[in-house]
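Each residue of the sequence shown is one higher than the one before, starting from 80 at the first, in the numbering used here. Glycine included, C-beta positions come from ideal geometry on N, C-alpha and C. Structure first, then comments.
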Amino acid sequence: MPSPGRRWRTMAREAPPTAGLPLRWADLLPCGDADLGGALARFLGVPAVQVECSGTAALVVALTALRTLAPDRDEVVVPAYTCPLVALAVAHCGLKLRLCDLGPESLDLDLAELDPLCGHRTLAVLPTHLAGRVVDTASVRNLARAAGAWVIEDAAQALGARVAGASVGTGSDIAFFSLAVGKGLTLFEGGALVVADTVLRAACVRASRRIVPRHALWELRRSAELLAYAALYRPATLPLAYGAPLRRALARGDRVGAAGDDFSPRIPLHRVGRWRQAVGVRALERLPDWLAAAQARAAPRVARLRGMAGLRVLDDSAAASGAQGTWPTLLVLLPHAAARETALAALWGAGLGVSVPFVQVLPDYGRYAHLVSAEGGAAELPHARSFAARVLSISNSPWLDDAGFDQVCATLERAAQA
Ligand SMILES: *Cc1c(COP(=O)(O)O)cnc(C)c1O
Numbered sequence: 080m081p082s083p084g085r086r087w088r089t090m091a092r093e094a095p096p097t098a099g100l101p102l103r104w105a106d107l108l109p110c111g112d113a114d115l116g117g118a119l120a121r122f123l124g125v126p127a128v129q130v131e132c133s134g135t136a137a138l139v140v141a142l143t144a145l146r147t148l149a150p151d152r153d154e155v156v157v158p159a160y161t162c163p164l165v166a167l168a169v170a171h172c173g174l175k176l177r178l179c180d181l182g183p184e185s186l187d188l189d190l191a192e193l194d195p196l197c198g199h200r201t202l203a204v205l206p207t208h209l210a211g212r213v214v215d216t217a218s219v220r221n222l223a224r225a226a227g228a229w230v231i232e233d234a235a236q237a238l239g240a241r242v243a244g245a246s247v248g249t250g251s252d253i254a255f256f257s258l259a260v261g262k263g264l265t266l267f268e269g270g271a272l273v274v275a276d277t278v279l280r281a282a283c284v285r286a287s288r289r290i291v292p293r294h295a296l297w298e299l300r301r302s303a304e305l306l307a308y309a310a311l312y313r314p315a316t317l318p319l320a321y322g323a324p325l326r327r328a329l330a331r332g333d334r335v336g337a338a339g340d341d342f343s344p345r346i347p348l349h350r351v352g353r354w355r356q357a358v359g360v361r362a363l364e365r366l367p368d369w370l371a372a373a374q375a376r377a378a379p380r381v382a383r384l385r386g387m388a389g390l391r392v393l394d395d396s397a398a399a400s401g402a403q404g405t406w407p408t409l410l411v412l413l414p415h416a417a418a419r420e421t422a423l424a425a426l427w428g429a430g431l432g433v434s435v436p437f438v439q440v441l442p443d444y445g446r447y448a449h450l451v452s453a454e455g456g457a458a459e460l461p462h463a464r465s466f467a468a469r470v471l472s473i474s475n476s477p478w479l480d481d482a483g484f485d486q487v488c489a490t491l492e493r494a495a496q497a
């Protein structure tokens, strides 16, 4: 018979869906260096980083700045399978969303689709480094620049990912990173904007001054949420803080809620206060070691998944030479949708950190379909739809131990072969 302690641990086991960096109590001290932009700039190896209150807010600021430079361009091209917040940011700016399919079994934009989507109305194209996987940006830049459009790399899930030694995003016009819960380094909510050109950088600073108010109440709320996160993001409390709401959502058949895709259309815009920035500066000191450990943990697990018949593990794009992505999760493609459903039925909500990046392609969400304009969503999007129906993410948190990972592998193996 298992001892009560062992039983408790088994019952209480809950891996978070991603390898988010846990906070320490010392991170929460009231004073210290509050220049998070400076600390992030040193970490990324760039001249400057503009801190905003979310990745979405960073994108809103960037699009607002670009619009002032090209008022007659009003279309933004994004991957059809991405975070719905991207679609909400585009709508917030009064711009039109154009969806681009993915390449087959890939996170790269489908270049044959992208080419005709880029034209004199295109403001920006957003190649997206999902789940830390580095995608091809050079080909996207060529097509976008030929049409006179800017490239904004969506690196929300890829803080610390590098290409030939330089941070992702530094080869394009603009990049943004998310500092939300679950994206690695977190302020509960936060974002970082990196802009290559000094004129464009100044335009982004001006846009932020114009549209982002101070708003002490939002900052107070985020500070309380960050404290709650610091208290609850640990193995003993995750079943309550993350697992219970997840299982309730799954029990009522609410996949959008279970995946955390249920966003408010109102995007908060406010300044990030000194205390939260100081917390970020202190936690950032541990990020390089944390990312290295995540990579070391991922390597043997990726190799094992690759050895299993029928599974495909997503890696950095072959077109991005010298890419070294980060590993918040491992993304796996099952051979067909039914196999993925079998695996999800057994694993989603089982406390093993198995989830999906997003539930479906943007036009297939009832609540976001209206954000895709008629001409912007007419395409079939076969690759993105297939990807959405077959993908599953496995947490790369250290709290998913080897026994838990064995259990995930056994279930995936059965599902892939059925
Ligand atoms: C989370 C996310 C965003 C938005 O970032 P927030 O900080 O949550 O506002 C944008 N794009 C992608 C791909 C994301 O995963």
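For residue i, the residue or residues it bridges with in DSSP
i, result
"C172", "C172 pairs with nothing; no bridge assigned."
"E131", "G270"
"C179", "P158"
"S257", "G270"
Identity of the residue in the options nearest residue i by Cα
i, options, result
"V213", "A402, E154, R331", "A402"
"E131", "V230, P292, L222, G261", "P292"
"E492", "A243, G389, L409", "G389"
"Y312", "D485, W478, A127, A137", "W478"
"P344", "T277, V284, L167", "L167"
"C197", "A458, W369, A418, A223", "A223"
"A136", "L264, A235, V381, S396", "A235"
"A115", "G359, V273, A418, L193", "Strictly speaking, residue 115 in this sequence is Leu, with Ala absent from that position. For the residues G359, V273, A418, L193, the minimum Cα distance to L115 belongs to G359."
"L460", "G182, G124, V165", "G182"
"P414", "W406, A425, V392", "V392"
"P195", "H208, F437, R361, V219", "V219"
"F466", "D481, V438, Y444", "V438"
"I473", "L423, A323, A371", "L423"
"H449", "G124, Q486, L176, P101", "L176"
Outcome for residue i when other beta-carbon atoms lying within 10 angstroms are tallied against a minimum of 16
i, result
"C172", "buried"
"T147", "exposed"
"R469", "buried"
"C162", "buried"
"L174", "buried"
"S185", "buried"
"N221", "exposed"
"C283", "buried"
"G244", "exposed"
"T277", "exposed"
"P442", "buried"
Residue interval of the alpha helix (DSSP H) (run including residue i)
i, result
"V125", "No alpha helix (DSSP H) contains V125, which DSSP labels as neither H nor E."
"T421", "416 to 426"
"A203", "From DSSP, A203 is part of no alpha helix (DSSP H) but of the beta strand (DSSP E) over 201 to 204."
"L222", "217 to 225"
"L363", "353 to 363"
"T408", "Note, T408: premise wrong, no alpha helix (DSSP H); beta strand (DSSP E) at 408 to 412."
Residue i Cβ short of 7 Å to ligand 1 heavy atom set
i, result
"G428", "no"
"L178", "no"
"A98", "no"
"E268", "yes"
"K175", "no"
"S343", "no"
"G263", "no"
"C162", "yes"
"L115", "no"
"D233", "yes"
Bounding residues of the beta strand (DSSP E) (the contiguous stretch that carries residue i)
i, result
"D233", "229 to 233"
"I473", "470 to 474"
"L311", "Segment 295 to 311 is the alpha helix (DSSP H) holding L311; no beta strand (DSSP E) there."
"L393", "Neither: L393 is in no beta strand (DSSP E) and is coded neither H nor E."
"V381", "Element bounds for V381: not the beta strand (DSSP E) but the alpha helix (DSSP H), 366 to 385."
"T490", "No beta strand (DSSP E) contains T490, which is instead part of the alpha helix (DSSP H) from 481 to 496."
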